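> Submitted below is the structure of interest, expressed as structure tokens.
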Amino acid sequence: MKYDDPATLEGVGPAIASKLRSAGITTVEAIAVTPPREIAEKTAIGFNTIIKIAAAARKSLDVDFITAEELWKRRQNMLKCSTGSKNLDELLGGGIETQAMTEFIGEYGVGKTQICLMLCVMAQLPAEKRGLNGNVVYIDTEGTFIPERIFEIANALGSDPHKTLGNIFLARAYNSSHQCLLIDSLFKFCPENNVKLIIVDSMIGHFRSEYVGREHLSERQQKLNNLLHKLLRLTEAFNLPVIVTNQVQANPAQFFGDPNKPAGGHIMAHACTHRVYLRKGSKGTRIAKVIDSPYLPESSTRFKITEKGIEDVQE
Ligand code: GTP
Ligand code: MG
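Here the sequence shown is numbered in numbering that gives the first Met the number 0, starting from 0 and rising by one per residue.
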């Protein structure tokens, strides 16, 4: 897919085009989906000019009113990426979806990072092998990306491990503002590098450790919200899936059942399209349960973590 240069829009001369470019807004899609105020802050282009350019961008993309039929067609372009486990794919309605953000939630050691690493390999496979035929961006906030594990999984799946590693663009985010900068840069980076999957592992770790205490909660949630919406815009602008991981926190109000709840509160809950809760099952298996989704049923399945990455449990 080719993305149009903003210079093709009416009202965008060379000076404006170059301001947009240096702010990382390099496609018509990015102009159409970024709030005008944000473009203004980044580019020092006048607000009224931006409103006009944004309108021209939306017009050229036909994104104002569309019929439900057109939406249906757009969603037919939705692609699915296999997780390596048939059962997990089925739970997710056929795999990890593009135009959507999927969140994996669970306590430490449950396998969130392992799923992310597996998807790094799967996303590169061609469509007939249920991949997305593209490259991967991995934003690692905890330093737990392990290239040796990618090597092992790629080998086990019959992919060239060096080529697989070469197609993963890794960024170590050192704090939440660095994480924001990295995500901002993706509007430019993704179309230029055939990126078909974005992973943020973990979405919330830095926010939790930097904004401690009630008095910082609303600022934290506002920043988190802003970032999550950028990720959602990326899913739509470039027809790709975003995967985020999230930790659990103790919920003192819970007397029965699982005493943990996802971190990030309502902001996380609303922004993520599909939420999948992971926990440990018997004999080293893992249980995945859809806990919130606009159309996936709330069901659960089991998978296991093996040398090949993620696999079905043989019942
Ligand atoms: P946090 O990031 O700490 O919150 O945990 P996480 O949910 O990301 O856990 P992670 O994905 O790192 O899972 C770690 C678990 O995966 C380990 O406890 C192992 O059970 C399993 N695992 C990791 N590597 C391998 C491997 O090479 N082979 C097998 N069979 N299992 C592995
Ligand atoms: Mg992890």
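Virtual Cβ for every residue (Gly too), placed ideally from N, Cα, C.
These numbers were taken from a predicted model, which means no experiment stands behind them.
Rounding to the nearest angstrom, what Cα-Cα distance links M267 and L227 in this structure?
For M267 and L227, the distance between alpha carbons rounds to 8 Å.
> Which residues in the same chain have their Cβ closer than 8 Å to the Cβ of A22, if we skip the five residues on either side of it in sequence?
Same-chain partners within the cutoff: I38, K41 and T42.
> With distances taken Cα to Cα, identify the nearest neighbour of E106 among D257, Q313 and S298.
Among D257, Q313 and S298, the Cα nearest to that of E106 belongs to D257.
> Is it buried or exposed, D63, if we count other Cβ atoms within 10 angstroms and call 16 or more buried?
Exposed, by the Cβ-count rule.
> Compare the C-alpha of N154 against each of L185, I182 and M117 and name the closest.
Closest option to N154, Cα to Cα, is M117.
> In terms of alpha-carbon separation, which member of Q248, T234 and P261 lies closest to M100?
Nearest option by C-alpha distance: T234.
> Just verifying my parser: in three-state terms, what is the DSSP assignment at C189?
The answer is helix: DSSP assigns C189 an H, G or I state.
> Are T18 and I52 touching if we call contact CB-CB under 8 Å?
Position check: residue 18 holds Lys in this sequence, whereas Thr was assumed. Cβ atoms of K18 and I52: not closer than 8 Å.
> Looking at T26 and P240, is the spacing between their C-beta atoms short of 8 Å?
Cβ atoms of P240 and T26: not closer than 8 Å.
> Using a Cβ-Cβ cutoff of less than 7 Å, which residues in the same chain neighbour P146 once the five nearest sequence positions on both sides are dropped?
So the qualifying residues of the chain are L164.
> Closer than 8 Å is the cut-off here; do at least three beta carbon pairs connect the region 57-73 with the region 195-207?
Contact between the region 57-73 and the region 195-207 is absent, because fewer than three Cβ pairs lie under 8 Å.
> Just jot down, in chain order, the residues whose CB lies closer than 7 Å to any heavy atom of the ligand MG.
With the cut-off at 7 Å, the residues found are K111, T112, E141, T143, D200, S201 and T244.
> Between R148 and the ligand GTP, is the CB less than 7 Å from at least one heavy atom?
Yes, the Cβ of R148 comes within 7 Å of a heavy atom of the ligand GTP.
> Starting from H273, follow the beta strand (DSSP E) in both directions and report where the run begins and ends.
H273 to K279 is the span of the beta strand (DSSP E), which, as asked, contains H273.
> Under the three-state reduction of DSSP, which class applies to A67: helix, strand or coil?
Reduced to three states, the DSSP call for A67 is helix.
> Could you check whether I309 and L87 sit closer than 8 Å to each other, using their CB atoms as the reference points?
Result yes, Cβ atoms of L87 and I309 sit closer than 8 Å.
> Hey, could you find the ends of the beta strand (DSSP E) I242 is sitting in?
Its beta strand (DSSP E) spans residues P240 to N245.
> So, for T284: in the same chain, excluding its five sequence neighbours on each side, which residues have a beta-carbon less than 6 Å away from its beta-carbon?
Within the same chain, T284 has close Cβ partners R301, K303 and V312.
> Can N238 and N76 be called in contact, C-beta distance under 8 Å?
Contact flag set, yes.
> Which class does E102 belong to by DSSP, given the choice of helix, strand or coil?
E102 falls in the strand class under three-state DSSP.
> Report the three-state DSSP secondary structure of R232 (helix, strand or coil).
R232: helix per DSSP, three-state reduction.
> Leaving aside the five residues before and after S298 along the sequence, list all residues of the same chain whose C-beta is less than 8 Å from its C-beta, in chain order.
Closer than 8 Å at Cβ, skipping near neighbours: L90, K288 and V289.
> Is the Cβ of A53 closer than 8 Å to any Cβ of chain D?
Absence of chain D from the displayed structure is noted, only one protein chain being present.
> Rounded C-beta distance between I104 and N245? I'm assuming under 8 Å.
Confirmed, about 5 Å.
> With a threshold of 7 Å (Cβ to nearest heavy atom), would V27 be considered close to the ligand GTP?
Not under cutoff, so the answer is no.
> Please return the same chain residues whose Cβ sits closer than 6 Å to the Cβ of T272, not counting the five positions on each side in sequence.
Only A99 and M100 meet the Cβ criterion.
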